[in-house]
Amino acid sequence: MKRSLLVLGAAVLILGGAIALRRHLGSREEAGGTARDARMERIRSFWEHYNQAAAARMRGDFESAALGYQKALELDPEHQDSLFYLAVSLEESGRYDEAARLLEKLTDLYPEHNPAWSQLGMVLSTLAPGAQPDLEAASAAFKRSQEINREQSGPFLAQGKLEIDRGRLDRASEAFAIAARGGAPEGLFLSGLARYLEGDPRAAAGFFIQVLEANAREKAITGRGVLSEGDVKATPGGDLTAFERAGIQALVFLNWTADRLGSYPEGTKEAFRVNLDASTPGHFEPSPVTGDLSGRGAFFDYDRDGRADLALAGRPGTRLLRNTSGGWVDVSQEAGLGGNKESWDAEPLDLEGDGWQDLYVVGGGYTERARNQLYRNRDGRFEELTESWGLAGERPTTAAAAADFDGDGKADLLEVGNLREGSRPVRLFLNRGDRFVESALSAGLVYPSHGVAAAVSDFDGDGKLDVFILGWRARGKLYRNEGSRFTDVSEPAGLGNVGGDGLSALFLDFDRDGDPDLLVTAHAPLELSLQRMLNPSVTSERFTPRLFRNAGAGRFEEVTAATGLNRCFGVMKAVSSDFDGDGWPDLLFAQGGFGAKHLEPGLILRNEKGTRFAEWAYLPSAREPVNALGAATADVNGDGKTDVFLSGAGLLIQRRGS
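1069 is the number of the first residue of the sequence shown in the numbering used here; add one for each residue after it.
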C-alpha cells in the first residue's frame, strides 16, 4: 500500500514536472517570440524614420530631414549613413557647429569614412553666416580624405578653394591640378581662376579654353548644350551638370580674360567668344580714392558742409574720407577714428538729435564675434562712447539699423547677427538719452536663427516703425510694431515662406502708391548668375530675389515674375535709389560671395514706372568683375545724379544717363 502510494506520488510529481517544464519551455518560447517581434518592430521603425528623412532631404526640407535622422539614431546610434546625412542636413540648415561635432564623432567611430572627412573639411571651411571657420582643421580634414582615396577629385577641389580664400594661390593651383588630372571640369576651371587671380591672364585663358573644349565634347555625347551665347540654358527644368557649370563660368571668364589681354587668344573658336559689352544706358566712371576699398561704406555729411562724406569699414580699421572741392581726403586721424580696429560696416545716426551725424561701427560680420563701437560727433570730431552708453562687449553682428522704434524722437539701434551661446540673434537698444537699454525680449523681438539683415519701415501706415528680419538658411519674419511690443505677423501678411538663401532685404515703394513694398534677395551660385549675364531672358524659380507688393490691410502679394525679377543674381547687398532721375526707385545689387572665388560685376536695374525692372548699368562694367560685399549711394559732386560706392570697385561717378 505504501509502495503504491509512493508510485502514485512519483507519478504525480512526474506529471507535475512535465506540466511545469512545458509551461517553462512555453514561456521561454513566448519570450523569445516577443523579443523577436520587438526587434523586428525596432528595425521597421528605424527604416521608416530613415526613409522619411531621406525623402525630406531630397526635396530640400532639411529641418524635417534632421528630425527624421535623429529619430533613426535613437534606434541605432552608430548607423553610418544616418550620422552622415544628419550632419549634411544640419549644415544645410545653417547649424554648422552641430554638423561639425557630429562629423567629428563619425570620423572617430569610422576613421576610414572618406565622405565624413571631406564633409568635415567643408563645414570647417564654410564662411557663411553662423559658421565658425577653422581653416587649419579644415585643411587637415581634406588631407585625411585625400590619403584615404587619392582618386577622388572632390577633396582636392575643396582644398584648393580653401587655399584661395587664404590667399595662397600657388597651393591652390597645385590642388586644382590634381583634380584636373582626374578629369574634373571644375578642376580645370578653378586652375584657370587661380591664374586669373594671380594676374596671369594668358595662362588662365588656356585653362578656360580646355574647359570649353571638354564641354563641347560632352555636348556632342549627351546632346545637352550651354556653350553659345544664345543657348546657355541647360535642359529645360533640369539642373546644370558639372560640365555645364564649369562651361558657363569658363565662357564668361574667358571673355574677361580676353579683355585683359586685349583680344581672345589666337585660334579661339568662334563658339567660345561672347559679347558681354551690354548696351545699357547707365554709365559710371571711377573716381580716384586711395587705400583698401574692399569693405563696406556709408555716405553721411559728418562735417555739415553740404557734401556727402564716406565712412569705410574694413581693414585695418574704419576710415573717414572727407569730400572736398579738390577731391577726397583721409581725415580718420584728425577726426578721432584713427584708433578704430578692423571693422565690418558703419551705420550713421544722430544720437542726441543735435544735427551732427554720429557713427556706429559694426565689428563682426558673417562669422565673427567682435566689439561694436559707438562714436559721438562733436563739431566734426568723434569720441567713443561705447561703454558709457551701454554697448560694451563682443557680439556676433552682421548688420545694424538706426531708427526711432519707440517714437520718442531719439535714434534707437537694432542689431542682427549669428545665433550664439550667450548672445541672441536680434538685439534692440532703446535710446534713453544718455545710454542704450537692450529691450528685444521685452519687446517681443525673438528670432530663432542667424540674422543677416533688417529692413525697417511703417508697412501698415500706423505711424510706428515695423521690422523685417532676414535669416540665413531660415525664414524671414515680419514684426509689427504695436507700441510697446512687436508681434510676428509674417503668416497673415503673406510672408510666411520668404527667405532662407539671401543676405539683404529692404522696403521700397516701387509702384509709388504710398505703401512700402518689400524686396528679399537671394544669393545665387556663381554659375547661375553668370548664366543670366550670358542670356538675360533665362528665368528661374530658385535663387531669385522676391518682390512683394504692399496690397494694404496688412497684406503683401508677390510680383517677382510680373516685374522681371525671377532671374538669378549673386546679391550680397541691395540698395534702392533713383539712378536715372525719373522719380521711380531703381535697384542696385552689389554682387559677390563669401570668399575670393565669387567674382561678377554689380548691377543697376531700372524701374520702368512700377511695371518691370530692366538692366540699366553694370558696375564698374560688364567686363570688370569684383567681389562686392556692399554698396552705398549719394550725389557726391552735386550734379543731381546718384553716384555709387561699390566695395571692391571703389567710388563710381555717374557721367551719363538721365
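C-beta: ideal position from N, C-alpha, C; glycine also.
Exercise for the section: Kindly indicate which three-state DSSP category ALA1685 falls into: helix, strand or coil? Expected result: strand
Practice task
With a threshold of 6 Å, establish whether the CB of ARG1449 neighbours any heavy atom of the ligand MG.
Solution key: Inclusion of the ligand MG in the displayed structure is not the case, the ligand content being empty and no account of it being possible.
Handout entry: Segment limits, beta strand (DSSP E) that includes ASN1618
Key = 1614 to 1620
Practice task
Please confirm whether LEU1498 and ASP1480 have their CB atoms less than 7 Å apart.
Solution key: yes
Exercise for the section: Grab me the residues of TYR1178's own chain with a C-beta within less than 8 Å of its C-beta, minus the 5 sequence neighbours each way, in chain order. Expected result: GLN1148, ALA1184
Exercise for the section: Find out if the Cβ-Cβ distance for the pair ALA1460, THR1454 is shorter than 7 Å. Expected result: yes
Practice task
Look up TYR1443 in the DSSP assignment and give the residues it is bridged to.
Solution key: LEU1427, GLU1452
Practice task
Determine the extent of the alpha helix (DSSP H) in which VAL1191 is found, giving its start and end residues.
Solution key: 1182 to 1192
Practice task
Classify TYR1547 as helix, strand or coil using the three-state DSSP reduction.
Solution key: strand
Exercise for the section: Find out if the Cβ-Cβ distance for the pair GLY1365, ALA1700 is shorter than 7 Å. Expected result: yes
Problem - Contiguous beta strand (DSSP E) assignments of at least 3 residues, all confined to the stretch 1461 to 1506 - result: 1467 to 1471, 1480 to 1484, 1494 to 1499, 1504 to 1506
Exercise for the section: Going by CA-CA distance only, name the one from ALA1284, ARG1439, LEU1158 that's closest to MET1190. Expected result: LEU1158
Handout entry: Validate contact between the stretch 1376 to 1390 and the stretch 1400 to 1410 using beta carbons, cut 8 Å, 3 pairs
Key = yes
Problem - Cβ separation of PHE1276 and LEU1322, assumed to be a contact under 8 Å, to the nearest whole Å - result: 4 Å
Problem - Local conformation of PHE1130 per DSSP, three classes - result: helix
Practice task
Kindly indicate which residue of GLN1138, VAL1156, SER1113 has the alpha-carbon position closest to the one of ARG1125.
Solution key: VAL1156
Handout entry: Exposure label - GLU1334; buried when at least 16 CB within 10 Å
Key = exposed
Handout entry: Cutoff 6 Å; reference GLU1338; Cβ partners in own chain excluding five residues on either side
Key = none
Problem - Own chain, CB closer than 8 Å to LEU1237, minus 5 neighbours either side, in chain order - result: GLU1231, ALA1262, LEU1265, GLU1266
Exercise for the section: Would you mind sorting HIS1351 into buried or exposed? The rule is 16 or more other CB atoms within 10 Å of its CB. Expected result: exposed
Problem - First and last residue of the uninterrupted alpha helix (DSSP H) at ARG1212 - result: 1203 to 1216
Handout entry: Residue range of the alpha helix (DSSP H) that includes ASN1323
Key = 1310 to 1329
Handout entry: In DSSP terms, what ILE1721 is bridged to
Key = GLU1353
Handout entry: Length of the line joining the Cα atoms of ALA1243 and ASP1233
Key = 14 Å
Practice task
Please determine, among ALA1140, GLN1200, ALA1106, PRO1354, the residue with the shortest C-alpha to C-alpha distance to ALA1167.
Solution key: GLN1200
Exercise for the section: Leaving aside the five residues before and after ALA1205 along the sequence, list all residues of the same chain whose C-beta is less than 6 Å from its C-beta, in chain order. Expected result: LEU1192
Handout entry: Neighbourhood of GLY1698 by C-beta distance below 6 Å, restricted to the same chain and skipping five residues each side
Key = ARG1364, LYS1641, ALA1658, SER1715
Problem - CA-to-CA distance, ARG1449 to ALA1314, given in whole angstroms - result: 51 Å
Practice task
Following the continuous beta strand (DSSP E) through GLU1626, name the residue where it begins and the one where it ends.
Solution key: 1623 to 1626
Handout entry: 6 Å Cβ shell around LEU1442 - same chain, five flanking residues per side excluded
Key = TYR1428, LEU1453, THR1454, TRP1457, LEU1459
Handout entry: ASP1144 (DSSP reduced to helix, strand or coil)
Key = coil
Handout entry: Distance, ALA1414 Cα to GLU1451 Cα
Key = 15 Å
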